[in-house]
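Structure first, then comments.
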Amino acid sequence: MPVVIHARRLAVVAVLAVLGALMVVSGAGAAPVPPSDFTCGVTVFTPCNQTAHFSDLFQVGTPLASASCPAFVTTDFVLIVGTGNGIEHSIINNAGDGWFTSTWTGTVTLTAFIGDPTAGGVPDPSVPPLTGRLTEWFGGSFNKNNVVFHSTLHVDATSADGQTSLRVLDVSHANSTAANPFVPHSFEITTCG
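The opening position of the sequence shown corresponds to residue 3 in our numbering, with each subsequent residue numbered one higher.
Below, the structure written as structure tokens:
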């Protein structure tokens, strides 16, 4: 019996490898669009398949909970402005199931804010701007029964005078189940070094 199961697993792996190779060769059928025209899963929720490349990053980060991080990481918002390389992809199939992912890496400037900088927050005078490298990935999928979101973030930055440095690794996950779609199972792990 174990030989049959092993043979089935090998057959499944072989089929998935061929399908994966075909998707890579064909570009998964994604329509490349400029970031400003990326609508699949954003404003369009009918069958679609798009990919966009982008270089600029502008986002607001919320406080992160972690005993290993400096106080400003756990209390301040952060304005993140950077330039690098990013790609986002989204697909919705005929059944209304969807997948999306985005990856970005590059050089950033981090400015700590007391309160949300897009809603009247002010720069934290005790934290100088930090410049360094950021790599982040997030993705998710959904169908009529389940939703899953994942993300990772890694930043390594230092102030201009070298007196303040920050290294953060954050991993998060949330998912729902068909049995309990409105109560997500989630975790977030943040460490600073």
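For glycine and all other residues, C-beta sits at the position ideal for the given N, C-alpha and C.
Report task. Mind checking who Gly-141 pairs with in its DSSP beta bridge? Result -> Thr-103, His-152
Query raised in the report: Out of curiosity, what's the CA-to-CA distance linking Thr-109 and Thr-85?
Result: 6 Å
Query raised in the report: Leaving out the 5 sequence neighbours to the left and right, which residues in its chain are closer than 7 Å to Phe-47 when beta-carbon positions are compared?
Result: Ile-94
Report task. Pair every Cβ in the stretch 130–137 with every Cβ in the stretch 157–175, then say whether three or more of these pairs are closer than 8 Å. Result -> yes
Requested in this report: Report the three-state DSSP secondary structure of Ala-73 (helix, strand or coil).
Outcome: helix
Report task. Determine, using beta carbons only, whether Thr-193 and Leu-168 come nearer to each other than 7 Å. Result -> no
**Report entry** Whole-angstrom C-beta distance between Ile-82 and Gly-63, which should lie under 8 Å
**Finding:** 6 Å
**Report entry** Limits of the unbroken beta strand (DSSP E) element including Asn-87
**Finding:** 79–94
Report task. Would you check if there are 3 or more beta carbon pairs closer than 8 Å linking the stretch 108–126 to the stretch 43–62? Result -> yes
**Report entry** Neighbourhood of Leu-24 by C-beta distance below 6 Å, restricted to the same chain and skipping five residues each side
**Finding:** Caution is warranted here: a pLDDT of 33 is assigned to Leu-24, below 50, making its placement in the model unreliable, and the coordinate value is therefore given only provisionally. There are no such residues.
Requested in this report: Report buried or exposed for Thr-53, applying the criterion of at least 16 other Cβ atoms within 10 angstroms of its Cβ.
Outcome: buried
Query raised in the report: Whose CA, out of Gln-165, Thr-105, Thr-45, lies closest to the CA of Asn-87?
Result: Thr-105
**Report entry** Helix, strand or coil at Ser-38 according to DSSP, with G and I counted as helix
**Finding:** helix
Query raised in the report: DSSP on Ala-180, reduced to helix/strand/coil?
Result: coil
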